[in-house]
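Trainee: Here the protein sequences come in this chain order: A and B. With the first letter of the first sequence counted as 1, position 158 gets the number 158 in the UniProt record's numbering; the numbers rise by one all the way through. With the first letter of the second sequence counted as 1, position 117 gets the number 117 in the UniProt record's numbering; the numbers rise by one all the way through.
2 protein chains.
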Amino acid sequence: MTDIFKDFITQLAEVNKQDMNRIMSCITTHEIKKNTIILSQGEVCTRFYFLEKGCMRTYYITKEGQEKTRLVSFDNSPVTALTSFITQKPSVEYIDALEDSELLSISYDDFFILLNEIPSWALFYRKMLELAFAFQNRRIEDLVTLSAKERYEKLLKEQPHYIQRLSNRVVATYLGISQETLSRLKSK
Amino acid sequence: MTDIFKDFITQLAEVNKQDMNRIMSCITTHEIKKNTIILSQGEVCTRFYFLEKGCMRTYYITKEGQEKTRLVSFDNSPVTALTSFITQKPSVEYIDALEDSELLSISYDDFFILLNEIPSWALFYRKMLELAFAFQNRRIEDLVTLSAKERYEKLLKEQPHYIQRLSNRVVATYLGISQETLSRLKSK
DNA sequence: AACCCTTTTTGACTTTTGTCAATGCACAGG
DNA sequence: CCTGTGCATTGACAAAAGTCAAAAAGGGTT
Chain A
1 MTDIFKDFIT QLAEVNKQDM NRIMSCITTH EIKKNTIILS QGEVCTRFYF LEKGCMRTYY
61 ITKEGQEKTR LVSFDNSPVT ALTSFITQKP SVEYIDALED SELLSISYDD FFILLNEIPS
121 WALFYRKMLE LAFAFQNRRI EDLVTLSAKE RYEKLLKEQP HYIQRLSNRV VATYLGISQE
181 TLSRLKSK
Chain B
1 MTDIFKDFIT QLAEVNKQDM NRIMSCITTH EIKKNTIILS QGEVCTRFYF LEKGCMRTYY
61 ITKEGQEKTR LVSFDNSPVT ALTSFITQKP SVEYIDALED SELLSISYDD FFILLNEIPS
121 WALFYRKMLE LAFAFQNRRI EDLVTLSAKE RYEKLLKEQP HYIQRLSNRV VATYLGISQE
181 TLSRLKSK
């Protein structure tokens with residue numbers, strides 16, 4: 001059940017059995033229905049989430065009321081408004097489920113207790129931050145260097161599951177273009 | 001001389017005198033002339049840099065030959081192609097000096113030796129990653145939610161030194177717009 | 001002051017993308 | 001089997017931003 005998460009941790013840092021049990025003792029599981037919002041703008045992100053199965057989205061709503069997607073997460077990845085989680089300040093982002101999903105979570109307090117208690121957890125966290133940084137780095141690179149059309153083509157080539165599994169509307173807000181523009185790009 | 005860096009570290013993590021001396025023993029200083037490139041696309045970033053004084057820029061060159069700026073760093077901030085540094089793989093980014101600058105640096109090997117040797121250095125690194133993540137998060141948010149004009153106005157309001165200290169050309173590549181568009185936005 | 005070199009501004013035009021509105025389509029719930 | 005409701009597509013037009021070229025404005029050097 002929580003094996004997916006164990007594997008994920010182990011890929012980043014070796015954890016002995018005892019430590020792993022300690023980590024797992026802090027974990028809560030959640031079944032989330034499609035369209036459920038697990039974090040709203042203005043709320044503090046008090047838990048670290050990991051998505052075992054399903055699909056979730058981290059997004060903003062602009063003052064004009066438009067949804068803009070920062071990140072879409074699929075099975076086997078962390079899903080957290082990290083900035084809010086780290087600082088324990090209100091989030092500017094929403095997180096919701098695009099499909100029925102299975103989540104694990106750890107509270108902020110436990111997360112940081114583990115950090116001091118278990119060196120391999122600290123290593124795991126550091127590696128995760130490094131990966132998150134690198135991912136965002138590429139995202140900025142794409143947004144700054146590519147046109148809408150090029151961003152779509154790159155996504156189609158490198159992450160075809162985004163386009164297969166998500167609605168046009170969500171893909172468009174992820175690419176930072178309008179639904180109509182995306183629809184026109186697709187029909188070529 | 002290296003006091004600026006010491007202060008920077010101390011703000012993120014408490015370091016005792018002995019550890020600080022150990023850290024400082026790994027440090028090299030550099031005087032960099034304006035327009036010097038310290039890292040090119042395709043090179044591995046083998047040192048972690050910290051900018052004590054001056055101004056440096058991290059940027060890409062697109063296949064059309066256009067410069068696109070990911071980040072501009074002023075006095076008292078880290079300046080490193082972190083993704084390349086962490087993975088020790090070739091960088092996609094260039095780093096150059098926009099002004100005469102004073103840098104410190106630590107080699108990759110020393111950096112990771114310190115990480116295992118000195119817990120407060122590990123904490124410093126973790127906090128730095130957290131800050132870098134949060135910064136990039138905001139950058140993505142701006143790129144995704146704001147128009148060129150709004151990005152310019154936000155920069156003018158929140159980081160006026162960018163506009164005062166940098167050439168139009170650099171500001172434009174940072175905002176992801178053309179020089180001419182920026183010039184027109186300014187004249188309103 | 002005169003020169004060169006770079007940066008900035010301006011104008012005319014093109015391309016890209018967005019907006020609004022209408023239509024078609026598909027699926028969930030009664 | 002009908003009927004909404006939301007999503008996708010298409011068309012016509014508008015707005016935003018880019019491109020190219022030329023002129024103007026600075027900045028430093030002799």
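Glycine residues also receive a C-beta, built at the ideal position from the N, C-alpha and C atoms.
Tell me whether A:K188 sits in a helix, a strand or coil according to DSSP, three-state version.
Mentor: Coil at A:K188, not helix or strand.
Trainee: Between which two residues does the beta strand (DSSP E) containing B:S91 stretch?
Mentor: Segment: none, B:S91 is in no beta strand (DSSP E) and carries neither H nor E.
Trainee: Mind checking if A:A13 is an interface residue toward chain B, Cβ cutoff 9 angstroms exclusive?
Mentor: No, no contact with chain B.
Trainee: Closest by CA to B:T46, which one among B:D109, B:K127, B:R151?
Mentor: Of B:D109, B:K127, B:R151, the residue nearest in Cα terms is B:D109.
Trainee: Alpha carbon to alpha carbon, what distance is there between A:Q88 and B:T58?
Mentor: Distance between the alpha carbons of B:T58 and A:Q88 is about 30 angstroms.
Trainee: Helix, strand or coil: how does DSSP classify A:E64 here?
Mentor: Of the three classes helix, strand and coil, the one that applies to A:E64 here is coil, per DSSP.
Trainee: Going by beta carbon distance, what residues of the same chain come within less than 8 angstroms of B:F124, once the five residues before and after it are set aside?
Mentor: The residues are I9, L12, A13, V15.
Trainee: Please check if any C-beta of chain B sits within less than 9 angstroms of the C-beta of A:G176.
Mentor: Interface residue, yes.
Trainee: Got a sec: which bits of the segment 127-139 of chain B sit with their beta carbon under 7 angstroms from any beta carbon on chain A, in order along the chain?
Mentor: Correct list: L129, E130, A132, F133, A134, Q136, N137, R139.
Trainee: By the DSSP assignment, the beta strand (DSSP E) with B:L155 in it spans what residues?
Mentor: Element bounds for B:L155: not the beta strand (DSSP E) but the alpha helix (DSSP H), 148-158.
Trainee: State buried or exposed for B:E180, treating a residue as buried only when at least 16 other CB atoms are found within 10 Å of its CB.
Mentor: By the neighbour-count rule (16 or more Cβ atoms within 10 Å), B:E180 is not buried but exposed.
Trainee: List the DSSP bridge partners of A:M128.
Mentor: According to DSSP, A:M128 bridges with nothing at all.
Trainee: Would you kindly work out how many angstroms separate the C-alpha atoms of B:I38 and A:F50, rounded to a whole number?
Mentor: Computed Cα separation, rounded: 39 angstroms.
Trainee: Could you list the residues in the segment 35-69 of chain A with a C-beta less than 7 angstroms from some C-beta on chain B, going in chain order?
Mentor: Hits within the stretch, in order: Y60, T62, K68.
Trainee: In terms of residue numbering, what span does the alpha helix (DSSP H) encompassing A:K104 cover?
Mentor: The displayed chain sequence assigns Leu, not Lys, to residue 104 of chain A. Segment 101-107 is the beta strand (DSSP E) holding A:L104; no alpha helix (DSSP H) there.
Trainee: Rounded to a whole number of angstroms, what is the C-alpha to C-alpha distance between A:L104 and A:T29?
Mentor: Distance between the alpha carbons of A:L104 and A:T29: 4 angstroms.
Trainee: So, does the CB of B:I86 fall closer than 9 angstroms to a CB anywhere in chain A?
Mentor: So, interface residue.
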